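Note that UniProt numbering has the sequence shown beginning at 1, numbered continuously upward.
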Amino acid sequence: MHEYTVSFLAYIIWDPVEMYNHLTNGWGDKEHEIPFDIYHPATRKFVFDTFEQWLKDNPQVDVVRFTTFFYQFTLLFDQKQREKVVDWFGCACTVSPAALDDFEKEYGYRLRPEDFVDGGAYNSAWRVPRKPQRDWIDFLSHFVRANVKKLASLSHEAGKEAMMFLGDQWIGTEPYKDGFEDLGLDAVVGSIGDGTTTRMIADIPGVKYTEGRFLPYFFPDTFYEGNDPSIEAWDNWRKARRAILRSPIARMGYGGYLSLAAKFPKFVDAVEHISDEFRDIHDRTDGEAARGVLNVAILNCWGKMRSWMAYTVAHALPNKQTYSYYGILESLSGMRVNVRFISFDDVLEHGVADDIDVI
């Protein structure tokens, strides 16, 4: 008997984030929404025209928080409403025939299905990257960043700050890739799941400030009768707190339905205490990081471009194939050490820096 793998390109007919929100919050017969692909000129024009009109209609807004820039990380649900495939750095949702054609014109070769899948499974970003993977990321980030810069400029022209959400549709922005500071973004906000994801946000260069959105979300899957969401709130804070001392975030917040959270006074009390601790840390440190006494380098194929990111599969969730590596990052996130990320190419080209104490 022979077994064959068939790879094919398919349309996403239900936006993965909208699907998550739909299923989690029980939205019933609410119409499913499709994702936009701004690689197509008509779609891109619609997005920019809509945003420009929104700016005119909302002069009272001071900060524009962009949830979508513009491509979702690889996220597919199964018929039982579970995450079947998730890769927080995956590019599977960025592919279109038009983009593939333009890639071939620019790079001189055509990408194949096996550049996005491998042996019948989606290729994961934490594996050793191949040249086509790297080239696609470069191609994609060039396009995404050019349009992010335009949206940030429109925000500034309207007298508003531009804040990016690191999560959901963020693929192609590449906060740790050279040139991110040129996009004109004022801030980055992201979901905090532990010390590693805290540092992932806090260490981003080239912005005025960073913000953490703490867990849990105020959604029905956590805020239901008989559950105690304050347990997750305290666990989340304790993991993040040690990392904040090493690399402070300027602001904190939560997300979801306030009407749900208001029904859980113990949780509300927990948030009050956590917020007071956060303010106390800033009052005592003036937003300055604790100084490290040792320089530690993390060496892998990705280097700086995947700072605090290289071993993540699903956001702040363990994966059996990267668990130990992720644990190293989680430990380092709050230790009194200075952490940098270097690649094998860095070592081959420049050697090991004299001030590195541990690799």
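Think of the CB as a built atom: it goes at the ideal place given N, C-alpha and C, for glycine as much as any other residue. Remember, it's a predicted structure, so these values are computed and weren't measured experimentally.
### Query
Which whole-angstrom value is the C-beta distance of residue 66 and residue 164, which I expect to be below 8 angstroms?
5 angstroms
### Query
Apart from the five residues on each side of it in sequence, which residues of its chain come closer than 7 angstroms, Cβ to Cβ, to residue 250?
209, 210, 211, 287
### Query
For the beta strand (DSSP E) that residue 210 lies in, which residues bound it at each end?
209 to 213
### Query
When you compare only the Cα positions, how much space is there between residue 38 and residue 70?
7 angstroms
### Task
Would you tell me roughly how many angstroms separate the C-alpha atoms of residue 34 and residue 19, rounded to the nearest one?
10 angstroms
### Query
How long is the line joining the alpha carbons of residue 92 and residue 79, rounded to whole angstroms?
20 angstroms
### Task
For the stretch 70 to 133, list the alpha helix (DSSP H) runs that are entirely contained and at least 4 residues long, ordered along the chain.
97 to 107
### Query
By the 10 Å Cβ neighbour count, where 16 or more other Cβ atoms means buried, how is residue 216 classified, buried or exposed?
buried
### Query
With distances taken from CA atoms, which of 59, 57, 112, 14 is nearest residue 8?
112
### Task
Count the other CB atoms, across all protein chains shown, that sit within 10 Å of the CB of residue 395; report buried if there are 16 or more and exposed otherwise.
The structure shown does not extend to residue 395, since the chain is modelled only from 1 to 359, so the question has no answer here.
### Task
Might you give, ordered along the chain, the residues of its own chain that have their beta carbon closer than 7 angstroms to the beta carbon of residue 153, omitting 5 neighbours on each side?
184
### Message
Strictly by DSSP, which residues pair up with residue 162?
### Response
64
### Query
Beta carbon of residue 270, beta carbon of residue 230: below 7 angstroms?
yes
### Message
Using the Cβ count rule (16 or more neighbours within 10 Å means buried), how would you classify residue 83?
### Response
exposed
### Query
Would you report the Cα separation of residue 136 and residue 114, rounded to the nearest angstrom?
13 angstroms
### Task
Grab me the residues of residue 61's own chain with a C-beta within less than 7 angstroms of its C-beta, minus the 5 sequence neighbours each way, in chain order.
160
### Message
Rounded to the nearest angstrom, what separates residue 180 and residue 226 at their Cα positions?
### Response
45 angstroms
### Message
If you measure between the beta carbons of residue 299 and residue 204, is that distance less than 7 angstroms?
### Response
no
### Message
Residues in the same chain with beta-carbon distance under 7 angstroms from residue 339, minus the five sequence neighbours each way, listed in chain order, please.
### Response
296, 298, 332
### Message
Alpha carbons only, please: which of 238, 188, 259, 239 is nearest the one belonging to residue 220?
### Response
259
### Query
In chain order, what residues of the same chain lie with their CB nearer than 6 angstroms to the CB of residue 191, ignoring the 5 residues before and after it?
167, 213
### Query
If you draw a straight line from the alpha carbon of residue 241 to that of residue 174, how long is it in whole angstroms?
25 angstroms
### Opposing strand residues paired with residue 340 [DSSP bridges]
297
### Task
Check whether the Cβ atoms of residue 100 and residue 16 sit closer than 7 angstroms, and answer yes or no.
no
### CB of residue 172 within 7 angstroms of CB of residue 141, strictly
yes
### Query
Between the Cα of residue 326 and the Cα atoms of 248, 257, 199, which residue gives the shortest distance?
199
### Task
Please report how far the alpha carbon of residue 64 lies from the alpha carbon of residue 252, in whole angstroms.
16 angstroms
### Query
Just reading off the beta strand (DSSP E) that residue 252 is part of, what are its end residues?
251 to 253
### Message
Give me, in chain order, the residues of the same chain whose beta-carbon lies closer than 8 angstroms to that of residue 368; leave out the 5 immediate sequence neighbours on both sides.
### Response
Within the shown structure, residues of the chain are numbered from 1 to 359, placing residue 368 beyond reach of any answer.
### Query
Would DSSP call residue 171 helix, strand or coil?
strand
### Task
Please say whether residue 124 and residue 87 have beta carbons closer to each other than 7 angstroms?
yes
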